[in-house]
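*Asks:* Can you read through this structure? Questions will come right after.
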Amino acid sequence: CGFLVFSGLGSLFSTKFKNSYLLRQRNPILFAIGIVSLITCLYLQLLPFIFSQLTINSDIIKIIFSICLIGPLAFFMGIPFPLGIDLLRRRYPSFIIWAWGINGYTSVISAILATFLAITFGFNTVILLATTIYLFGAWVSCYYWVSE
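For the sequence shown, position 138 matches number 138 in full-length UniProt numbering, and the numbering has no gaps at all.
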């Protein structure tokens, strides 16, 4: 629930994010994915310590910490898709339906695949793979992004 709420807030905020003074002449998709990558790297370093400290706390404390950890990452993960749809609307409107279809398909497949990979290779491998895929998306957006 927390991931959906925060990624939804990121989607809602994406237009303001794109039009902010800081990003007006830059690629906001690249910026958002850069922040996701930075947060992910921090989490890979800090989560083992945080989780070891939470083992003795109550369930409500664990839930609050989980929401606080998920929130920033989910918020910035919610930004690229609406901006990508906006980019398609401006340059390739006939591809929008494909983007929605691919998003739906990969959402289902990624949940199944992430579970399998986490069991087989570990959680850190899944996180690194997901970050790599997001960075690939950022690289692709650099090719197509045109400042307004």
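Ideal Cβ positions, reconstructed from N, Cα and C, are used throughout, including at glycine.
Nothing here was measured: the structure is a model prediction, and the numbers come from that model.
Please say whether G2 and I50 have beta carbons closer to each other than 7 Å?
*Replies:* No, these two residues do not count as a Cβ contact at 7 Å.
*Asks:* Going by the beta-carbon positions, is the gap between F75 and G34 smaller than 7 Å?
*Replies:* No.
*Asks:* What are the start and end residues of the alpha helix (DSSP H) that includes Y43?
*Replies:* Note, Y43: alpha helix (DSSP H), P28 to L54.
*Asks:* Could you pull out every unbroken alpha helix (DSSP H) segment of at least 4 residues lying fully inside the segment 52-135, listed in chain order?
*Replies:* Counting only runs of 4 or more, we get 59-77, 80-91 and 96-121.
*Asks:* What first and last residue would you give for the alpha helix (DSSP H) that runs through S20?
*Replies:* Here S20 belongs to no alpha helix (DSSP H), and DSSP marks it neither H nor E.
*Asks:* Indicate the three-state DSSP secondary structure (helix, strand or coil) for C142 in the structure shown.
*Replies:* Note: C142 maps to helix in three-state DSSP.
*Asks:* By Cβ distance below 7 Å, which residues in the same chain neighbour P80 in space, the five residues on each side in sequence not counted?
*Replies:* The residues are I29, A32, I33 and G137.
*Asks:* Rank I102, A99 and I133 by C-alpha distance to the C-alpha of residue 149 and give the top, closest one.
*Replies:* With the chain represented from 1 up to 148, any question about residue 149 goes unanswered, as that position is not in the structure.
*Asks:* Do G78 and S7 have their beta-carbon atoms positioned less than 7 Å apart in this structure?
*Replies:* Against a cut-off of 7 Å, the Cβ pair of G78 and S7 comes out as a contact.
*Asks:* Mind checking whether K62 and L73 have CB atoms under 7 Å apart?
*Replies:* No; because the gap between Cβ atoms is not below 7 Å, this pair is not in contact.
*Asks:* Give every residue of the same chain whose Cβ lies closer than 7 Å to the Cβ of D88, excluding the five residues on either side of it in the sequence, and list them in chain order.
*Replies:* Checking the sequence, you will find Leu at residue 88 rather than Asp. Correct list, in chain order: F95, I96 and A99.
*Asks:* Please classify L83 as buried or exposed, where buried requires at least 16 neighbouring CB atoms within 10 angstroms.
*Replies:* Classification for L83: buried.
*Asks:* Within this structure, are the beta carbons of N27 and S141 separated by less than 7 Å?
*Replies:* Closer than 7 Å, so yes.
*Asks:* What's the gap between the Cα of I70 and the Cα of S37?
*Replies:* The straight-line gap from Cα to Cα measures roughly 14 Å.
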